[in-house]
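Heads up, the sequence shown is in UniProt numbering, so the first residue is 1 and it goes up one at a time.
Notes to accompany the following structure.
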Amino acid sequence: MSTPQATEQQAREQDLVNRVVRSFDDTPDPRLKDVMQALTRHLHAFLREVRPTEAEWQAGIDFLTAAGHITDDRRQEFILLSDVLGASMQTIAINNEAYGDATEATVFGPFFVDGSPRVEAGGDIAQGAAGEPCWVEGTVTDTDGRPVVGARIEVWEADDDGFYDVQYDDDRTAARAHLLSGPDGSYSFWAITPTPYPIPHDGPVGRMLAATGRSPMRASHLHFMVTAPGLRTLVTHIFVEGDELLDRDSVFGVKDSLVKRFDRQPAGTAAPGGREVDGTWSRVRFDIVLAPA
Numbered sequence: 001m002s003t004p005q006a007t008e009q010q011a012r013e014q015d016l017v018n019r020v021v022r023s024f025d026d027t028p029d030p031r032l033k034d035v036m037q038a039l040t041r042h043l044h045a046f047l048r049e050v051r052p053t054e055a056e057w058q059a060g061i062d063f064l065t066a067a068g069h070i071t072d073d074r075r076q077e078f079i080l081l082s083d084v085l086g087a088s089m090q091t092i093a094i095n096n097e098a099y100g101d102a103t104e105a106t107v108f109g110p111f112f113v114d115g116s117p118r119v120e121a122g123g124d125i126a127q128g129a130a131g132e133p134c135w136v137e138g139t140v141t142d143t144d145g146r147p148v149v150g151a152r153i154e155v156w157e158a159d160d161d162g163f164y165d166v167q168y169d170d171d172r173t174a175a176r177a178h179l180l181s182g183p184d185g186s187y188s189f190w191a192i193t194p195t196p197y198p199i200p201h202d203g204p205v206g207r208m209l210a211a212t213g214r215s216p217m218r219a220s221h222l223h224f225m226v227t228a229p230g231l232r233t234l235v236t237h238i239f240v241e242g243d244e245l246l247d248r249d250s251v252f253g254v255k256d257s258l259v260k261r262f263d264r265q266p267a268g269t270a271a272p273g274g275r276e277v278d279g280t281w282s283r284v285r286f287d288i289v290l291a292p293a
């Protein structure tokens, strides 16, 4: 049964919510007004549910401050936070509605960099990155099955040691490039076979994962971003069939349609383009279907 004190407390808390929501009534931009008022209602609902102590509130402020301090032009801790909370994938789901057989999208991740080098069809994006060679091929079409000519295909991945090029201090560019689809929509390139790796966990997000008993590991994957005029930009990965982390990817990025078979080829197997490979290599096919813009 509610006591008079509890009723009074609830009234005081609700009065504050109402006053803060009303403070945005005169926002000129209707969308901004909706966003700020909804944010206020949900934020206060969270606070009233968990009822943090002032010390816990300060700990939250300290966490966000630390995330800001560690963020720079090579590392985005707030994207990492969004990823591990599933907010990135939820935003992607909202903004990439199902359309025919269009390829599904997944998280962008914090390691994309503009200005990647271009490679021609059959070129090597690894550029010295450690790892087993992997031949990647496929086509880019629209949802009516028409080839998309000249689609820009950005690809990037971690090396065999679990690091992206931007995580090194020597300004290297490796395991990152872009190419264009051909007259028939086809594309092909050499990369390295993806392997599992941890997201950066030496900062506040990593400490949060450790405190909650969660692993920082990501399932093995290769990033793609595909753009073409008149078609929806696709940001996605492909994942390695059989990877034991597929059902516990730390950023919830795995979708069944994006799990592909990477066929390992024995040493000495003839490789595309006459490339001489010292040891084993793998190959995978990924046919990309773009939805209308």
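Each residue gets a CB set at the ideal place from its N, CA and C atoms; glycine is no exception.
What residues in its chain sit with their C-beta under 6 Å from that of A151, if we drop five residues either side in the sequence? The answer, listed in chain order, is V140, S181, V226, A228.
Who does I153 pair with in a DSSP beta bridge? L179, V226, per the DSSP bridge assignment.
Name the DSSP beta bridge partners of S188, please? Note: S188 is bridge-paired with E137 in the DSSP secondary-structure output.
Entirely within the segment 49 to 95 and at least 3 residues each: give me those beta strand (DSSP E) ranges in chain order. Runs of the beta strand (DSSP E) inside the segment 49 to 95: none found.
When you compare the CB positions of A158 and Y197, do they come within less than 8 Å of one another, or not? Contact flag set, yes.
Taking 8 Å as the cut-off, decide whether the C-beta atoms of L149 and A191 are in contact. Residue identity differs from the one stated: residue 149 is Val in this sequence, not Leu. With contacts defined as CB atoms closer than 8 Å, V149 and A191 fail to qualify as a contacting pair.
Given this structure, state the Cα-to-Cα distance separating E276 from P266, to the nearest angstrom. Each residue's alpha carbon lies about 13 Å from the other.
According to DSSP, Q9 sits in a beta bridge with which residue or residues? DSSP output for Q9 lists no bridge partner at all.
If you follow the beta strand (DSSP E) that R283 is in, where does it begin and where does it stop? Run containing R283: 281 to 285, per the beta strand (DSSP E) assignment.
For G206, which three-state DSSP category applies? In the structure shown, G206 adopts helical secondary structure according to DSSP, grouped into three states.
Under a three-way DSSP split, which group does D170 fall into? Coil at D170, not helix or strand.
Cβ neighbour criterion (16 or more within 10 Å) applied to Y164: So Y164 counts as buried.
Let's see if you can read the secondary structure: which residues bound the beta strand (DSSP E) around V240? Start and end: 234 to 240.
Straight-line gap, D169 to P110 (C-alpha atoms, nearest Å): In a straight line, the C-alpha of D169 is about 17 Å away from that of P110.
Can you give me the C-alpha to C-alpha distance between D160 and G138, rounded to a whole angstrom? Each residue's Cα considered, the two are about 23 Å apart.
Identity of the residue in F262, R264, T53, D243 nearest V254 by Cα: For the residues F262, R264, T53, D243, the minimum Cα distance to V254 belongs to D243.
Taking buried to mean at least 16 other C-beta atoms within 10 Å of its own C-beta, is residue 300 buried or exposed? Lying outside 1 to 293, the shown extent of the chain, residue 300 is not represented and no answer is given.
Judging by CA-CA distance, which residue of D171, T71, W135 is the nearest neighbour of K260? For the options D171, T71, W135, the alpha carbon positioned closest to that of K260 is the one of W135.
Where does the unbroken beta strand (DSSP E) through residue 294 begin, and where does it stop? This structure cannot settle anything about residue 294, because the visible part of the chain is limited to 1 through 293.
Shortest alpha-carbon distance to L47 belongs to which of A66, M36, D25, V17? Closest by alpha carbon: V17.
Any idea if Q76 is buried or exposed, counting beta-carbon neighbours within 10 angstroms, 16 or more meaning buried? Buried is the call here.
Going straight from the alpha carbon of H69 to that of T3, what length do you get? Inter-residue distance for H69 and T3 is about 45 Å (C-alpha atoms, whole angstroms).
Spatial neighbours of D124 within its chain, please: CB distance less than 6 Å, with the 5 preceding and 5 following residues excluded, ordered by chain position. Answer for D124: W190, listed in chain order.
Straight-line gap, V35 to T212 (C-alpha atoms, nearest Å): V35 and T212: Cα-Cα distance of roughly 30 Å.
How big is the Cα-Cα spacing for I288 and F24? Separation of I288 and F24 (C-alpha to C-alpha, rounded to the nearest whole angstrom) is 44 Å.
Who are the near neighbours of H201 in its chain, counting only those whose CB is closer than 7 Å to its CB and skipping five residues on each side? Taken in chain order, the residues that qualify are L209, P216.
If you check the beta carbons only, do F224 and E241 fall under 8 Å apart? Cβ atoms of F224 and E241: not closer than 8 Å.
Might you give, ordered along the chain, the residues of its own chain that have their beta carbon closer than 7 Å to the beta carbon of V84, omitting 5 neighbours on each side? Around V84: V205, L209, S250, V251.
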